Amino acid sequence: MLDYSMIDNSLRALAEPTRRAIFDRLSRGQASVSEIAGPFDITLAAVVQHIQVLETCGLVRSAKVGRVRVCQADTRGLNALGDWIAERRSLIERRLDRLAQILDEADEIPDDLQ
Numbered sequence: 069m070l071d072y073s074m075i076d077n078s079l080r081a082l083a084e085p086t087r088r089a090i091f092d093r094l095s096r097g098q099a100s101v102s103e104i105a106g107p108f109d110i111t112l113a114a115v116v117q118h119i120q121v122l123e124t125c126g127l128v129r130s131a132k133v134g135r136v137r138v139c140q141a142d143t144r145g146l147n148a149l150g151d152w153i154a155e156r157r158s159l160i161e162r163r164l165d166r167l168a169q170i171l172d173e174a175d176e177i178p179d180d181l182q
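According to my numbering, the stretch in the sequence shown is residues 69 to 182, in order.
1) Along the chain, which unbroken stretches of the beta strand (DSSP E) at least 3 residues long are found entirely within the stretch 86-149?
2) Hey, Leu-112 and Val-128 are a contact pair by Cβ (cut 8 Å); roughly how many whole angstroms apart?
3) With 16 as the cutoff for other CB atoms within 10 Å, does Arg-87 come out buried or exposed?
4) Give me the Cα-Cα distance between Phe-91 and Ala-105, rounded to the nearest whole angstrom.
5) Quick one: what does DSSP say Ile-177 is sitting in, helix, strand or coil?
6) Determine the direct distance from the alpha carbon of Glu-155 to that of Leu-171, and round the result to whole angstroms.
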């Protein structure tokens with residue numbers, strides 16, 4: 069059974085453009101909070117809050133290295149979301165396969181019986 073709260077939290081976190089951009093940046097490699105904040109026109113405190121949201125739902129990990137907080141993407145946070153998407157895809161594909169089968173069977177019916 070899927071943990072829908074994890075899915076909800078991940079979707080909510082990634083729905084916000086700044087958090088999505090932060091996650092995209094971290095998916096290319098680890099960075100300090102200051103490096104992450106560079107391209108954004110928001111305060112360092114706001115960036116930290118965005119990172120905390122991403123950490124809460126398991127998409128980002130951070131650690132203090134000396135006086136610097138370093139962050140990195142944690143793809144384990146995407147697992148519940150990936151599982152949910154895979155289940156939906158599988159269900160839809162099975163239904164489409166069944167529809168194709170029914171349509172193929174209908175094509176095989178002789179014209180005088182239709």
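Beta carbons are placed, not taken as given, at the ideal position from N, Cα and C, and that holds for glycine. Keep in mind that this is a model prediction, so the values were computed, not measured.
The short version:
1) 128-133, 136-141
2) The count along the sequence shown starts at 1 and reaches residue 112 at position 44. The count along the sequence shown starts at 1 and reaches residue 128 at position 60. The Cβ separation is near 16 Å, so there is no contact.
3) Within the sequence shown, residue 87 is the residue found at index 19, counting from 1. Buried.
4) Mapped onto the sequence shown, residue 91 falls at position 23. Mapped onto the sequence shown, residue 105 falls at position 37. Approximately 12 Å between the Cα atoms of the pair.
5) Counted from its first residue, the sequence shown places residue 177 at position 109. Residue state, collapsed to three classes: coil.
6) Within the sequence shown, numbered from 1, the residue matching residue 171 stands at position 103. Within the sequence shown, numbered from 1, the residue matching residue 155 stands at position 87. Cα-Cα distance, rounded: 25 Å.
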